[in-house]
Amino acid sequence: MNDSQKPAMLDLRRLLGILFTFYGLLLGIYGLVTAHQPRSISFNLNLWWGVLMLIVGILFLVFSIKPPRTWDPDDDEHV
Amino acid sequence: MKGLFHAGAIDYVIILAYFVFVLMVGWLLRKYTRTGEDFFLSGRSLPAWITGIAFMSANLGSQEVLGMSAGGAEYGMIETHFYWIGAIPAMIFMGLYMMPFYWASRARSVPEYLKLRFNEATRGVNAFSFAVMTVLVSGIGLYSMGIVLQALLGWSLVVSIIVSAVVVLAYVFLGGLTSSIFTEVTQFFLICLGILPLTIIGLVKFGGWHGLVSHIPHNYGHVWADLGTSHNALGTNWFAVVFGLGFVMGFAYWTTDFLVVQRTFAARSMRAAQVTPIYASFIKVFVPLVDIVVGLVALAVFPHIGHDGTSYNMALPMLMAKYYSTGMIGLGITALLASFMTGMAGNITAFTTVWTYDIYQAYINKKASDRHYVWMGRLAMTVGMILSIFTAFIAGSFPSIMDYMQTLFSFFSVPIFATFLLGMFWKRTTAWGGFSSLVSGIVFACIFYWALPIHFATPNAKTFWQSFWVWVVATAIGILVSLFTKPKTDEELKGIVYGVQKYPSYKHLRWYKRPGYLACISLALFVALDIIFW
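Protein sequence lines correspond, in order, to chains A and B.
Residue 127 in our numbering sits at position 75 of the first sequence, and the numbers go up by one each step.
Residue 1030 in our numbering sits at position 191 of the second sequence, and the numbers go up by one each step.
Okay, here's the thing in structure tokens:
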């Protein structure tokens, strides 16, 4: 196969961004709506951890705006 | 049957979303997976951050997380040796000194490098032993996943084994090595997100590290303090830990086990391949936070764990059941499930590559088309998965899965490391010198394990000493045979051996791109942590 026809590699950052944004929203909203937690801790873990996952997910999505390079220019000058 | 957790609908949605995600990844990757190089080597195109996380994460299975949190609760911080001295120096050595030869040889697998450096026979022994071992390990993983899901959720053993095997097969079948690597990276983040809350809750609850340590036996907070003698949880002294575990076992695993080495081959350049294990070492030093420290928290929360009818192996699940409610439970289960599944995927893809290139292409069908080998790879995956399922049901008869795996590993992996070290760094090593060191090492491992009447305090102590002596014997035999046989010419060894090939220079790059600088930082971090938690 000709190299120029080859699509750039699938961007893992975007995939991770989608997964963790989804998990963050799901868990956060669930925590907000139900607000039930085990007696052993005094805060709403679902809500706060959901928010944190949402932030992780969004960060991955932001990083994936720039398309991935298929090679590193620094690596070509020597071998 | 009832399990430890009471999973709600939301938990099942989270678990299901992961299944959908991995199948989607496989489906999207199928159009990037056309040639043999795509399927078996990810087209040698991945950036170092991906291969680096995968390099570390391929080994971070659920057995590891559950087993090491059990170890933390039972023995304390001394277990950290498996992550620090047992991995970091090896990863740094791999990146700086071995990767250039692996990469320059353009070998597609570890056995293929052995073929280039030594001869067909050496490759054959390694390829067959690796293929058998990988299928066994994969089956053991499947079985322990079934057991864990049964205990935690009350799921049927047979159903969870078959369903997860089919899902894993589906995504690696479509995307090959890339599927495997992508899900390993995903798994790493899931493990962190699913387990870190327990570490944080524990540290906050007991008032930081010193507070935590004051709630558990005094010496459980130390890594090196008890290693002056053999009276400690490992049952051996610092010499066996540094040389048996650190030098021989750690180096053998992280530099020659194809499951992890395959990740470096997927990197897009020599520099990316070199920094892959070094990036991995930066993550590896912190892995104890999600297992060993969790074990310490479990011991502080349940002081009678292991003595009141509970098992140390339940350290992590018991904490989850105590602190997680519906929702977080789903995330925790998904993290464990994901790491079981990626462990399987990694083994199956490594098995497939070795089968296709080093057994099928080498002995059965030498001159087929690239398309045919990809087809054969997919067939091998399917057969390998079926074999794993059978192994899963056989594995049930062994009492301690971790010990069994370690035993297996030390029989095959240590001799290969002796062979590699001779072959890569002493160009006088001959083809038959390499072969004899490999075979004599495997034979001596069997003799040591079954026939020598030496008593060891713990299975760990035995494994450490056995690894060390197997390395000594395999190296000695390799040197001896090399001195009496004909060496290869420099022309034949071009690019694959130290002394014939020069190391690449990265002087023109900025410090954070240079493998040497990154290795120094990693080493400093490793030394600092060992001193802080001595």
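For every residue, glycine included, the Cβ atom is placed at its ideal position computed from N, Cα and C.
Model, not experiment: these values are computed from the prediction.
So if I threshold CB-CB distances at 9 Å, which residues from the stretch 1164-1175 of chain B count as touching chain A? S1164, T1165, G1166, M1167, G1169, L1170 and T1173
Give me the residue from F858(B), M1183(B) and F932(B) with the minimum Cα distance to G900(B). Checking every option, the nearest Cα to that of G900(B) belongs to M1183(B).
Using a beta-carbon distance cut-off of less than 8 Å, what residues from the stretch 1095-1116 of chain B approach chain A? R1107, S1108, M1109, R1110 and A1111
Does the contact criterion of 3 or more C-beta pairs under 8 Å hold for the stretch 1301-1311 of chain B versus the stretch 1076-1093 of chain B? Yes: at least three Cβ pairs fall under 8 Å.
By a C-beta neighbour count over all protein chains shown, 10 Å radius and 16 as the cutoff for buried, is Y982(B) buried or exposed? Answer is buried; the Cβ neighbour count reaches 16.
Please list, in chain order, all residues of the same chain as A1219(B) whose beta carbon is under 8 Å from its beta carbon, the five residues on each side excluded. F1190, T1191, W1194, T1195 and Y1199
Quick check: the Cα distance between S1019(B) and P950(B), rounded to an integer number of angstroms? When rounded, the distance between both Cα atoms is 20 Å.
Segment limits, alpha helix (DSSP H) that includes G1223(B): D1209 to A1234
Can a CB atom of chain B be found closer than 9 Å to the CB of V108(A)? yes
How about V103(A) and G69(A): are their beta carbons less than 9 Å apart? Contact check for V103(A) against G69(A) fails: the beta carbons are separated by 9 Å or more.
Using the Cβ count rule (16 or more neighbours within 10 Å means buried), how would you classify F879(B)? buried
Return helix, strand or coil for L1291(B), following the three-state DSSP convention. coil
Go through its chain and collect everything with a Cβ distance to G1273(B)'s Cβ below 6 Å, but skip five positions before and after it. Taken in chain order, the residues that qualify are F957, T961, T1258 and G1262.
From G888(B) to K118(A), what distance separates their C-alpha atoms? The residue you asked about is not Gly; residue 888(B) is Trp in the sequence shown. Approximately 16 Å, taken between the alpha carbons.
Going along the chain, which residues of the stretch 845-868 of chain B sit with their C-beta nearer than 9 Å to a C-beta in chain A? I849, V852, I853, A856, Y857, F860, M863, V864, L867 and L868
Residue nearest to Y857(B) in terms of C-alpha spacing, selected from I1000(B), G1050(B) and L1176(B): Selected option, being the one with the closest Cα: L1176(B).
Please report the residue range of the alpha helix (DSSP H) in which V904(B) lies. Run containing V904(B): S901 to Y914, per the alpha helix (DSSP H) assignment.
Indicate, with yes or no, if the ligand GTP has a heavy atom lying under 8 Å from the CB of S999(B). Ligands in the displayed structure: none, and consequently the ligand GTP is not present.
Where does I941(B) fall in DSSP's three states? Residue 941(B) is actually Tyr in this sequence, not Ile. Of the three classes helix, strand and coil, the one that applies to Y941(B) here is helix, per DSSP.
One question on the structure: do M1224(B) and S977(B) come within less than 9 Å of each other, judged by their Cβ atoms? Their beta carbons are under 9 Å apart, which means M1224(B) touches S977(B) by this criterion.
For A943(B), the nearest candidate out of R883(B), T1324(B) and L1013(B) (CA to CA): With distances taken between Cα atoms, A943(B) lies closest to R883(B).
List, from N- to C-terminal side, the beta strand (DSSP E) runs of 3 residues or more that fit wholly inside the stretch 947-1005 of chain B. Taking only runs of at least 3 residues, no beta strand (DSSP E) segment lies wholly in the stretch 947-1005 of chain B.
Alpha carbon to alpha carbon, how far is K58(A) from E876(B)? Any answer about K58(A) is weak, because its pLDDT of 47 lies below 50 and its placement is not dependable; what the coordinates show is given next. K58(A) and E876(B): Cα-Cα distance of roughly 13 Å.
Check whether the Cβ atoms of Y1345(B) and G1334(B) sit closer than 9 Å, and answer yes or no. no
Exposure of H920(B), with buried meaning 16 or more beta-carbon neighbours within 10 Å: With 16 or more Cβ atoms within 10 Å of its Cβ, H920(B) is classed as buried.
By Cβ distance below 8 Å, which residues in the same chain neighbour T1038(B) in space, the five residues on each side in sequence not counted? L1128, V1129, V1132, V1133 and V1136
Examine chain A for any beta-carbon lying closer than 9 Å to the beta-carbon of T1025(B), and answer yes or no. The Cβ of T1025(B) sits closer than 9 Å to at least one Cβ of chain A.
For chain A, find out if any of its Cβ atoms is closer than 9 Å to the Cβ of T890(B); answer yes or no. no
In chain order, which alpha helix (DSSP H) runs of at least 4 residues are fully inside the stretch 1058-1130 of chain B? 1090-1095, 1097-1104 and 1109-1123
In chain order, what residues of the same chain lie with their CB nearer than 8 Å to the CB of V1006(B), ignoring the 5 residues before and after it? If we look at V1006(B) and ignore the five residues flanking it on each side, its Cβ neighbours are F858, V861, L862 and M1180.
Quick check: the Cα distance between G1280(B) and V1099(B), rounded to an integer number of angstroms? 22 Å
Bridge partner(s) assigned by DSSP for Q1340(B): Per DSSP, Y1337(B).
According to DSSP, simplified to helix, strand and coil, what is L79(A)? helix
Could you check if D1065(B) is buried or exposed, using at least 16 other CB atoms within 10 Å of its CB as the buried criterion? Answer is buried; the Cβ neighbour count reaches 16.
Y941(B) burial status per 10 Å Cβ neighbour count (16 or more: buried): By the 10 Å Cβ count, Y941(B) comes out buried.
Answer with buried or exposed for V114(A), where buried requires no fewer than 16 other C-beta atoms within 10 angstroms of its C-beta. exposed
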